[in-house]
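Worksheet: one structure, shown below.
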Amino acid sequence: MSHLNDYLAEKRAAVLARNAAVEAGTAQPVQLKASVKAEGRSGVRRLRIREHQVISDSPPDFAGYNLGPSSPELQLGVLGTCVTHIFLIQAAERQVPLESLEVEVIGLIDPRGGKPGHEKTPIWPHEIGYTVHIDSPASREEIDALFEAVERNCPILNLLRNPQTIRAEVKLINSKAEAGDAIAA
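Laid out in structure tokens, this is it:
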């Protein structure tokens, strides 16, 4: 049976190297970027991050083809992957052995949100919670300390708990008008 402890040794080396860069003053902020394009005819959203691609789609009852998770589902998944990753980082740093780790994230999305009679119902995923399943020979105290460190250090968990202002702008391109101008010229 495969367990996480061999991986945690590799993760520990990476964590220690990153911590050393922070302490030495050589670590710098990293620009993150994601782009999403809606496909014609299907409305499928292609999410591109670095060389990776994720397809987001709606279920059939919302004019989708069920080709991928919806945006709210992706958000819950992102929270789950981040919590899982921070558990691995903290376990590696603290040398807490893990045989296995699984995070389940749940939440509600209500299509009635914001509609007449449901003005106070959130339009965003809400009642979000997660459960961590850990198989480890570590003591309860070690696991509790690990959990507290994850809660303190998980970027996505803390982003959701402490939202920030998001800048936004719309750049309008009228391709039909530009095509007409090119033909007229």
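Per my numbering, the sequence shown starts with residue 1, numbered consecutively.
Backbone N, C-alpha and C define an ideal beta-carbon position, used for all residues, glycine too.
The structure displayed is predicted, hence computed values, not measured ones.
- In this chain, the beta strand (DSSP E) harbouring R46 covers 45 to 49.
- When DSSP reads this structure, V150 sits in no beta bridge, so it has no partner.
- For Y130, the uninterrupted beta strand (DSSP E) run begins and ends at 126 to 135, by DSSP.
- Across the structure, S35 and R140 are spaced so that their CA atoms are roughly 42 Å apart.
- Contact annotation: Y130 and E151 have beta-carbon atoms that are not nearer than 8 Å.
- Judged by DSSP secondary structure, I55 falls within the beta strand (DSSP E) whose first and last residues are 52 to 56.
- In the DSSP secondary-structure assignment, I106 is bridged to G129.
- At the C-beta level, G107 and L67 stay beyond 8 Å of one another.
- Taking L146 as reference, the option from P155, L47, L98 with the minimal CA-CA separation is L98.
- Contact between N153 and I86 holds: CB atoms are separated by about 6 Å, below the 8 Å threshold.
- Where V22 is concerned, the enclosing alpha helix (DSSP H) starts and stops at 5 to 24.
- Taking a contact as a CB-CB distance under 8 Å, the pair V15 and I89 counts as one, their CB atoms being some 6 Å apart.
- Distance between Y65 and V44, taken at the CA atoms: about 8 Å.
- In this structure, the alpha-carbon of G80 lies about 21 Å from that of E10.
- Within the DSSP bridge table, the entry for K37 names R46 as partners.
- Considering only A168, R46, R50, T26, the residue with the shortest C-alpha distance to S70 is R46.
- Comparing alpha-carbon positions, the option among P111, V22, Q95, C82 lying closest to S58 turns out to be P111.
- The three-state reading of DSSP puts S100 in strand, counting E and B together.
- When Q53, N19, A17, S42 are compared, the shortest CA-CA separation from K33 is found for Q53.
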